[in-house]
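A quick write-up on the structure given underneath.
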Amino acid sequence: MAISALLYSSKENSEMLNQTRIAPIGITNKLTNRSAIARDNRKYKMIVNCSMLAIEIRVIPCHVLQYAQEGVLTLYTQARYKNKNPPHLHRDHVFPNFDFYRKDKYKNISQTTWGSGNEKQGYTYAVGAFGWLYGMYGIKSELLLPYKAAAADVLALASIEVDISNIPPGQCASYKLQGKPLLIKHRTANEIEIEGRTAISALKDPQTPEQRTLNQEWLVVIGICTHLGCVLVPNSGDWVGGFYCPCHGCHNDNVGRIRKGPAPTNLE
């Protein structure tokens with residue numbers, strides 16, 4: 001490394017500076033023990049050498065710089081390494097090149113890319129749209145469904161208790177369950193026998209009486225036609241003890257199976 005220290009003064013003091021010598025006091029003390037001091041033929045130059053450093057101090061008259069003022073001391077330093085493979089200084093670092101990662105249309109960094117398009121915008125929009133859909137579905141599951149669900153007092157009406165001892169054989173009582181008519185029919189022995197002889201192949205929605213009831217004497221159904229939701233009339237129609245829809249002519253037997261009309265399935 002070479003360091004040059006320049007002392008400037010006024011033009012009038014140049015004669016005095018020409019007769020001045022720089023003493024090495026205080027310089028060798030800061031270097032290693034291997035330091036050596038050498039002087040060349042010039043009066044105003046002093047060089048201090050060591051294994052890695054070369055420090056050079058010169059005294060130059062001020063008239064070389066016209067803008068220098070009287071009595072001003074200026075110090076100039078320059079660093080250089082003596083070895084063949086000097087380490088890089090910060091000003092020697094190579095600026096990284098990211099052209100490998102840039103698209104061809106963006107490699108010219110001196111040209112603005114304002115308003116330029118992206119060839120994969122469709123993919124970005126598609127991913128964003130599906131992300132929004134997934135998020136909305138999660139919101140619906142966590143917030144919307146509980147918000148729109150039935151209140152606790154409504155859910156409490158999902159089960160009711162009735163006294164069926166007051167229903168005589170052959171009669172049907174109607175109750176309200178969650179806003180729908182609940183029909184409870186006390187079947188007679190004749191009605192049980194008639195429907196027991198009915199062939200399954202003759203039914204639109206095949207079900208046996210055992211599948212429709214827990215107890216052969218009692219039938220519990222929702223009194224709404226499975227066609228368009230009309231309210232049924234009990235103990236009416238072409239079948240004994242059956243249910244009839246006066247709106248569209250659907251006939252159900254006394255276990256709630258559809259026997260005639262446009263209704264697709266049996267009563268619930």
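Sequential numbering from 1 applies to the sequence shown in the UniProt record's numbering. Glycine included, C-beta positions come from ideal geometry on N, C-alpha and C.
For Val-94, the secondary structure class from DSSP, reduced to helix, strand or coil, is coil.
Check the Cα spacing between Thr-208 and each of Pro-146, Ala-150 and Asn-254: the tightest is with Asn-254.
Looking at the DSSP output, Phe-243 sits in a beta bridge with Pro-234 and Asn-252.
The beta carbon of Glu-195 sits closer than 7 Å to the beta carbons of Pro-209, Asp-253, Asn-254 and Val-255 from its chain, once the five residues preceding and following it are set aside; these are given in chain order.
The beta carbon of Lys-180 sits closer than 8 Å to the beta carbons of Ile-222, Gly-223 and Ile-224 from its chain, once the five residues preceding and following it are set aside; these are given in chain order.
The beta carbon of Phe-243 is closer than 6 Å to those of Leu-232, Pro-234 and Asn-252 in its chain, skipping five residues each way along the sequence. The beta carbons of Ile-192 and Trp-218 sit about 11 Å from each other, so the pair does not count as a contact at 8 Å.
When rounded, the separation of the alpha-carbon atoms in Tyr-137 and Thr-124 is 20 Å. For Leu-183, the secondary structure class from DSSP, reduced to helix, strand or coil, is strand. Close CB contacts of Lys-107 within its chain, under the 8 Å cut and outside five residues either way in sequence, are with Asp-99 (chain order). The residues Leu-183, Ile-184, Lys-185, His-186, Pro-234 and Asn-235, in chain order, have a CB closer than 8 Å to that of Cys-172 in the same chain once the five nearest residues on each side in sequence are set aside. Boundaries of the alpha helix (DSSP H) harbouring Ala-129: 121-139, taken from the DSSP string.
A distance below 7 Å between beta-carbons, with the five flanking residues on each side excluded, links Glu-268 to the following residues of its chain, in chain order: Val-221 and Ile-222. Minimum Cα-Cα distance from Gly-241 among the listed residues Leu-228, Thr-188 and Pro-206 corresponds to Thr-188. For Ala-263, there is no enclosing beta strand (DSSP E), as DSSP gives it neither H nor E. Residue burial is scored here from C-beta neighbours: Ala-263 has at least 16 other C-beta atoms within 10 angstroms and is therefore classed as buried. For the options Lys-204, Leu-214, Ala-126 and Trp-239, the alpha carbon positioned closest to that of Thr-226 is the one of Lys-204.
In the structure shown, the three-state DSSP call for Ala-189 is helix. The Cβ neighbour count for Gly-237, taken over all protein chains shown within 10 Å, is at least 16; the residue is labelled buried.
In the DSSP assignment, Lys-148 falls within the unbroken alpha helix (DSSP H) covering 145-148. For Glu-217, there is no enclosing alpha helix (DSSP H), as DSSP gives it neither H nor E. Listed in chain order, the non-local C-beta contacts of Gly-135 below 8 Å within the same chain number zero, local neighbours out to five positions each way being set aside.
Within 10 angstroms of the beta-carbon of Asn-190 lie fewer than 16 other beta-carbons, which makes it exposed.
About 7 Å separates the CB atoms of Cys-245 and Gly-261; that is less than 8 Å, so the two are in contact. Within the DSSP bridge table, the entry for Lys-176 names Pro-181 as partners.
Around the beta carbon of Trp-132, fewer than 16 other beta carbons lie within 10 angstroms, which makes this residue exposed.
For Thr-213, same chain residues with a beta-carbon under 7 Å away, outside a window of 5 residues either side, are Leu-219 and Val-255 in chain order.
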